[in-house]
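**Student:** Residue numbers (the working numbering), protein chains in the order written: chain A, 2 to 273; chain B, -17 to 280. Ideal Cβ placement from N, Cα and C applies to all residues, glycine included. I have a structure I would like to understand better, so I am pasting it below and will then ask my questions one at a time.
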Amino acid sequence: MHRSQVERIAIILFIAIFAAIALFPILWMLAASFKTDKELLDGSLWDFGSAGISNYVKAFQARPFLRYLVNSLLAAGVSVLITLFLGVLAAYGFAKMRNRYSEMIWIAVLASIMIPIEAIVIPLFLQVHAFGWHDSYAGIVLPTALNAAGIFILRQAIQGIPNELLEAGRIDGASEFTILRRIVVPLLAPSIVVVAVLTFSLSWNNYLWPLIITSTDTLRTLPLGMAAFQMTLNTKYSEIMAVSTFGTIPMALLFIFLQRYFIDSAIGSGIK
Amino acid sequence: MDTTPAERYRRVFQSRKRLSLIFIAPALLYLAIFQLYPVLYAVYISFHKYDLMSPPVFTGLSNYIRLASDEQFLRSLWVTAFYVFWTIVPVIGLSFVLGGLLSTLGRSRSVWRFLLYLPSILPFVSVALVWKLMFNQRGPINDALNTAGMASIPWLTNGAYAPWALIFMSWWHATSYYTIIFLAGFLTLPRDCFEAARLDGAKLFPMIRHITLPLMRPTIALVVVLATVNGLKAFVFQQVLTDGGPANATQILTILIYKTAFSYLDMGRASTYSIVLFGCIMLLSLIQIWLISGRRDA
């Protein structure tokens, strides 16, 4: 008993060290956003800053960060909606209406999950130009909106629903769409939240694609705005830390309220 | 008209097969336009010389043949391999240990998991901006080195250190994510196996070697593939911290593709690089699908 107690304390200590390492840069960023540049570079780590919220105010005066935020929220929102709508439909088709062809098509969908955007940005860029979507919301959002990994997660969840439930509906003469809406979707709620969280965070981190397809400042998403702000001449370090913190707030809020789903989506995205 | 439930059922069942197409068609169309077509298009462009100004000129395999003597590309391939290898090996080891230890905890587990997962919720650009400043000549990392009596290191401006700076920050960022995946794997292990071994007086390391490692093999394999693919797809950190520099020391494949296409407007070459990247990732992903389906059958 005594030995296992020592063991437990050693384990917690080990984990605590790494938790501290995980936390340090985040707390440092937060603290830096309230310091002046002089305090940030010359002062002690542990001093509180004297800048108040002035770094935030200056950053927001320099660039339209609220606009960037709205753009990012819009892109993430549309991605979540498109992924859920097309994803639930397709997942139901693949899970409960199987036939020879759908099995084959499913393999193709699985393969497309693996296609990295990093490898197809050039043709996508030319294609979106041809559509006339260059430098527009449609061009930023639509090409990357459908998160195919979401279809995979939803299909797994629908396969877990017993067929008897669906048969009961069919015998009563309900159409497949009604069954999907009335029986399947309510049972799917947890997976839907997981897919929504996963799609939202993927969209929130989209960087390469919006970088390529936007040239107007007011169309930029938050990550682009943050990176561009950093590259502006004479930008203060502390102001950069203020916008870094600002960009974290929406994800932090989501994480605090939906922690369980975040963890599940991290695990679910293991297949992506 | 169908009268008995059986007849009605048969009718519904038969129409269902055709109906399935209506359900999957929208998603399929979407993937065909924005995933499948671009892949084919990329292959097409890779056989051409194309600078966006004039129409593409067919050049056959010459883009591919040139790869073998393309020093920028070969350098970039090496930089990518170096980055991926030194990032994933320590990260996988550490995440495995942390995930395993977390799984032994009781009620306090969720608190530690929350703290350890925090780096993963930061937007990539925020992570990059914070670490860029931490690696500053007068930043906290050099402060700590000075306090320990060592000289400051020009982390991001010297080609000898910049790759390591990116690797160190990737350790911090990636460990957080894979710890959670390993923890999930550890939590599915059967407890009684370990109880039995413990009762038989098994020592810790033989127990890990003969029980934990074989049972965790599917999760380990999954994380190895996942971490490699994510390493190959890295872009933001390199772009924000060093933009591939100094002197191309951190120019991983994605950065090279981006610059070749959108700075030098050489779409043909950039597409050829893309196909190489795509091939590597596809190969790894196929291994991953094989592993996942193997695990489900087991």
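Is A/Gly94 close to chain B, meaning its C-beta is less than 8 Å from at least one C-beta of that chain?
**Tutor:** Judged by the 8 Å Cβ criterion, A/Gly94 is in contact with chain B.
**Student:** Going by the DSSP bridge assignment, what does B/His30 pair with across the sheet?
**Tutor:** DSSP lists B/Phe40 as partners of B/His30.
**Student:** Whose C-beta lies closer than 7 Å to the C-beta of B/Trp154 among residues of the same chain, with five residues either side of it excluded?
**Tutor:** So the qualifying residues of the chain are Pro101.
**Student:** Hey, is B/Ile113's beta-carbon within less than 8 Å of any beta-carbon in chain A?
**Tutor:** The amino acid occupying residue 113 of chain B in the given sequence is Trp; Ile does not appear at that position. Chain A contact via Cβ: present.
**Student:** DSSP three-state label for A/Lys59, please.
**Tutor:** In this structure, A/Lys59 counts as helix in the three-state DSSP scheme.
**Student:** Whole angstroms is fine: what's the gap from B/Phe219's alpha carbon to B/Leu148's?
**Tutor:** Going from the Cα of B/Phe219 to the Cα of B/Leu148 covers about 7 Å.
**Student:** Kindly give me the distance between the Cβ atoms of B/Met249 and B/Asp52, rounded to whole angstroms, as I take these residues to be in contact under 8 Å.
**Tutor:** Incorrect: roughly 16 Å between the Cβ atoms, too far for contact.
**Student:** Quick one, are the C-beta atoms of B/Ala216 and B/Val73 less than 8 Å apart?
**Tutor:** For B/Ala216 and B/Val73, no; Cβs fall outside 8 Å.
**Student:** Residues of the segment 153 to 176 of chain B with a CB closer than 8 Å to any CB of chain A: list them in chain order, please.
**Tutor:** The residues in question are Trp154, Thr157, Ser158, Tyr159, Ile162, Ile163 and Ala166.
**Student:** Drop a sphere of 10 angstroms on the beta-carbon of A/Gln160, count the other beta-carbons inside from all chains shown, and report buried for 16 or more, exposed for fewer.
**Tutor:** A/Gln160 should be labelled exposed.
**Student:** To the nearest angstrom, how far is it from the Cα of A/Ser80 to the Cα of B/Lys185?
**Tutor:** Rounded to whole angstroms, A/Ser80 to B/Lys185 spans 51 Å at the Cα level.
**Student:** In this structure, does DSSP put A/Gly174 in helix, strand or coil?
**Tutor:** Reduced to three states, the DSSP call for A/Gly174 is coil.
**Student:** I need the DSSP call for A/Ala229, collapsed to helix, strand or coil.
**Tutor:** In this structure, A/Ala229 counts as helix in the three-state DSSP scheme.
**Student:** Tell me whether the segment 235 to 254 of chain A and the segment 125 to 141 of chain B touch, counting them as touching only if at least three CB pairs, one residue from each stretch, are closer than 8 Å.
**Tutor:** With a cut-off of 8 Å, the segment 125 to 141 of chain B and the segment 235 to 254 of chain A do not count as touching, because too few Cβ pairs lie within range.
**Student:** Can you tell me the Cα-Cα spacing of A/Ile257 and A/Ser192, whole angstroms?
**Tutor:** So the alpha carbons of these two residues sit roughly 18 Å apart.
**Student:** Which runs of the alpha helix (DSSP H) spanning at least 4 residues fall entirely within the segment 100 to 146 of chain A, listed in chain order?
**Tutor:** For the segment 100 to 146 of chain A, whole alpha helix (DSSP H) runs of length 4 or above, ordered along the chain, are 101 to 114, 118 to 131 and 138 to 142.
**Student:** List the residues of chain B that A/Gly248 touches, going by C-beta distances under 7 Å, in chain order.
**Tutor:** By Cβ distance, chain B contributes Pro105, Val107 and Ser108.
**Student:** Mind checking whether A/Val194 and A/Gly88 have CB atoms under 8 Å apart?
**Tutor:** Cβ atoms of A/Val194 and A/Gly88: not closer than 8 Å.
**Student:** Under the assumption that A/Met105 contacts B/Met264 (Cβ atoms under 8 Å), give the Cβ distance between them as a whole number of angstroms.
**Tutor:** The Cβ separation is near 18 Å, so there is no contact.
**Student:** B/Tyr246 CB to nearest chain A CB: under 8 Å?
**Tutor:** Chain A contact via Cβ: absent.
**Student:** Quick one, are the C-beta atoms of B/Leu214 and B/Leu247 less than 8 Å apart?
**Tutor:** It is not a contact, given that the beta carbons lie outside the stated cut-off.
**Student:** For B/Val21 and chain A, any beta-carbon pair shorter than 8 Å?
**Tutor:** Taking Cβ atoms only, chain A reaches closer than 8 Å to B/Val21, which makes this a yes.
**Student:** Under 8 Å between C-beta atoms, does A/Ile268 make it to chain B?
**Tutor:** It does: the Cβ of A/Ile268 has a partner Cβ on chain B nearer than 8 Å.
**Student:** Report the three-state DSSP secondary structure of A/Asp218 (helix, strand or coil).
**Tutor:** Looking at A/Asp218 - three-state DSSP - the assignment turns out to be helix.
**Student:** For A/Leu203 and B/Ala178, I'd like the C-alpha separation in whole angstroms.
**Tutor:** Going from the Cα of A/Leu203 to the Cα of B/Ala178 covers about 43 Å.
**Student:** In angstroms with no decimal places, state the Cα-to-Cα distance between B/Val13 and B/Ile6.
**Tutor:** A small fix is needed here, since residue 13 of chain B is Leu in this sequence, not Val. Cα to Cα, B/Leu13 sits roughly 11 Å from B/Ile6.
**Student:** What is the DSSP secondary structure of B/Gly167, reduced to helix, strand or coil?
**Tutor:** The answer is helix: DSSP assigns B/Gly167 an H, G or I state.
**Student:** If we define contact as Cβ-Cβ less than 8 Å, is A/Tyr138 a contact residue for chain B?
**Tutor:** No - not a single Cβ of chain B is within 8 Å of the one on A/Tyr138.
**Student:** Comparing the C-beta of A/Ile159 with each C-beta of chain B, is any distance below 8 Å?
**Tutor:** Not an interface residue.
**Student:** Between which two residues does the alpha helix (DSSP H) holding A/Gly78 run?
**Tutor:** Run containing A/Gly78: Phe66 to Lys97, per the alpha helix (DSSP H) assignment.
**Student:** Let me know the secondary structure DSSP gives A/Tyr262 once reduced to three states.
**Tutor:** DSSP places A/Tyr262 in helix when its eight states are reduced to three.
**Student:** Straight-line CA distance for A/Ile264 to B/Leu84?
**Tutor:** Taking the straight line from one Cα to the other gives about 14 Å.
**Student:** Is the CB-CB distance between B/Leu98 and A/Ala253 below 8 Å?
**Tutor:** No, the pair does not count as a contact, with Cβ atoms beyond the cut-off.
**Student:** Of all the options B/Phe67, B/Arg91, B/Ile162 and B/Val21, which has the alpha carbon lying nearest to the alpha carbon of A/Ile1?
**Tutor:** Absent from the structure is residue 1 of chain A, since the part of chain A shown begins at 2 and ends at 273.
**Student:** Taking the alpha carbon of A/Tyr69 as the reference point, which residue from A/Ser266, A/Arg261, A/Ser245 and A/Ile268 has its own alpha carbon closest?
**Tutor:** Comparing Cα-Cα distances from A/Tyr69 to each of A/Ser266, A/Arg261, A/Ser245 and A/Ile268, the minimum goes to A/Ser245.
**Student:** Starting from the beta carbon of B/Lys31, find every residue of chain A whose beta carbon is closer than 7 Å, and list them in chain order.
**Tutor:** Near B/Lys31 there are no residues of chain A at all, since even the closest Cβ is about 14 Å away, more than 7 Å.
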